[in-house]
Amino acid sequence: MTTTRHPALTATLWLAAILMLLPVLATFLNSIATGWTGGILPRGLSLDVYRTILSDSRFQAALLRSIAVAGLALFLACLLIVPAVIAAHLYWPSLDTWMTRLVILPYAVPTIILMVGYLRVFSAPPLQFSGQPIVLVLTYVPLCFPMFYINVKNSLQAIDTTELLEASRLLGIGDVRLLRRVILPSIFPGIALAVVLNFAGLMSEFVYARMLVGGEFETLQMYMFAQRDLSGRLSSVIVTVYFLITLLITFAAFRLVWRTETKS
Numbered sequence: 020m021t022t023t024r025h026p027a028l029t030a031t032l033w034l035a036a037i038l039m040l041l042p043v044l045a046t047f048l049n050s051i052a053t054g055w056t057g058g059i060l061p062r063g064l065s066l067d068v069y070r071t072i073l074s075d076s077r078f079q080a081a082l083l084r085s086i087a088v089a090g091l092a093l094f095l096a097c098l099l100i101v102p103a104v105i106a107a108h109l110y111w112p113s114l115d116t117w118m119t120r121l122v123i124l125p126y127a128v129p130t131i132i133l134m135v136g137y138l139r140v141f142s143a144p145p146l147q148f149s150g151q152p153i154v155l156v157l158t159y160v161p162l163c164f165p166m167f168y169i170n171v172k173n174s175l176q177a178i179d180t181t182e183l184l185e186a187s188r189l190l191g192i193g194d195v196r197l198l199r200r201v202i203l204p205s206i207f208p209g210i211a212l213a214v215v216l217n218f219a220g221l222m223s224e225f226v227y228a229r230m231l232v233g234g235e236f237e238t239l240q241m242y243m244f245a246q247r248d249l250s251g252r253l254s255s256v257i258v259t260v261y262f263l264i265t266l267l268i269t270f271a272a273f274r275l276v277w278r279t280e281t282k283s
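First residue of the sequence shown? That's 20 in my numbering, and the numbers climb one at a time after it.
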């Protein structure tokens with residue numbers, strides 16, 4: 020089957036891609052520019068600011084903290100949310116209906132109300148974790164729910180799970196084996212996409228980190244906020260490093276998806 024290429028559509032897609040990449044390119048140029056006034060291009064280029072930032076122990080610690088908190092929150096989200104969404108889709112449609120309604124909760128409820136609620140929960144027995152990094156991890160897990168639910172649910176709807184369950188039971192194959200050998204590999208791309216999207220969001224999160232743990236546990240965004248008055252180039256370097264890390268995580272996730280689909 021042959022497909023017809025439309026030049027106008029192709030040109031539009033290329034234009035959209037260029038427009039989306041322009042801010043990233045401008046940020047990178049600003050991070051290596053020695054001066055950028057009076058013209059459309061910088062006067063000179065230098066990597067000195069990158070050497071300064073990357074060798075800063077405070078920046079390294081903030082970056083590692085952000086990656087560690089986001090990684091642990093995503094691990095817990097995969098461990099808790101993915102099985103819950105699968106079980107609700109397969110066995111409890113009424114629970115699935117409630118999950119559909121809860122998707123909008125992190126966006127519908129104002130952030131300040133959520134933070135007050137989290138502070139109340141984590142400052143009273145038995146969860147007296149107020150001000151500790153574990154609060155940030157436990158707070159991030161519910162924030163991951165919408166992306167995980169939408170992507171996993173769409174992946175489950177793309178396969179006929181009802182027929183798969185009926186066929187496996189007729190053949191004497193248990194539900195657990197079906198889930199492990201068929202359903203999970205089929206929805207793995209959706210899980211990987213949810214991980215990438217949530218990782219990008221958690222790495223750029225500032226309000227919860229600032230309000231729940233304060234300055235004692237400095238994350239990447241808090242470090243960038245502290246450096247905002249020193250130099251615009253410093254902020255550009257931090258944003259570029261954040262973008263590169265997110266890009267590497269995205270590439271690794273889709274590489275893993277491609278290898279999984281190749282093996283299957």
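Ideal Cβ positions, reconstructed from N, Cα and C, are used throughout, including at glycine.
All values derive from a computational prediction rather than experimental measurement.
As assigned by DSSP and simplified to three states, the class of residue i
{"i": "residue 52", "result": "strand"}
{"i": "residue 177", "result": "coil"}
{"i": "residue 224", "result": "coil"}
{"i": "residue 142", "result": "coil"}
{"i": "residue 72", "result": "helix"}
{"i": "residue 128", "result": "coil"}
{"i": "residue 191", "result": "coil"}
{"i": "residue 247", "result": "coil"}
{"i": "residue 20", "result": "Residue confidence for residue 20 is low, a pLDDT of 44 falling below 50, so the modelled location carries little weight; the figure read from the coordinates is stated next. In the structure shown, residue 20 sits in coil (DSSP, three-state: anything other than H, G, I, E or B)."}
{"i": "residue 268", "result": "helix"}
{"i": "residue 58", "result": "coil"}
{"i": "residue 29", "result": "helix"}
For residue i: DSSP bridge partner residues
{"i": "residue 64", "result": "52"}
Residue i classed as buried or exposed, judged by whether at least 16 other C-beta atoms fall within 10 angstroms
{"i": "residue 108", "result": "buried"}
{"i": "residue 213", "result": "buried"}
{"i": "residue 168", "result": "buried"}
{"i": "residue 165", "result": "buried"}
{"i": "residue 92", "result": "buried"}
{"i": "residue 39", "result": "exposed"}
{"i": "residue 278", "result": "exposed"}
{"i": "residue 135", "result": "exposed"}
Cβ-Cβ distance between residue i and residue j below 8 Å
{"i": "residue 222", "j": "residue 81", "result": "no"}
{"i": "residue 210", "j": "residue 171", "result": "yes"}
{"i": "residue 195", "j": "residue 99", "result": "no"}
{"i": "residue 206", "j": "residue 183", "result": "no"}
{"i": "residue 27", "j": "residue 217", "result": "no"}
{"i": "residue 17", "j": "residue 259", "result": "Absent from the structure is residue 17, since the part of the chain shown begins at 20 and ends at 283."}
{"i": "residue 85", "j": "residue 238", "result": "yes"}
{"i": "residue 232", "j": "residue 152", "result": "yes"}
{"i": "residue 158", "j": "residue 227", "result": "yes"}
{"i": "residue 272", "j": "residue 215", "result": "yes"}
{"i": "residue 71", "j": "residue 61", "result": "no"}
Boundaries (first-last residue) of the alpha helix (DSSP H) holding residue i
{"i": "residue 148", "result": "Unbroken run through residue 148: none, as it is neither H nor E."}
{"i": "residue 96", "result": "76-109"}
{"i": "residue 236", "result": "Counting along the chain, residue 236 falls outside any alpha helix (DSSP H), and DSSP gives it neither H nor E."}
{"i": "residue 121", "result": "112-121"}
Check: residue i C-beta below 7 Å from any heavy atom of the ligand NAD
{"i": "residue 231", "result": "Ligands in the displayed structure: none, and consequently the ligand NAD is not present."}
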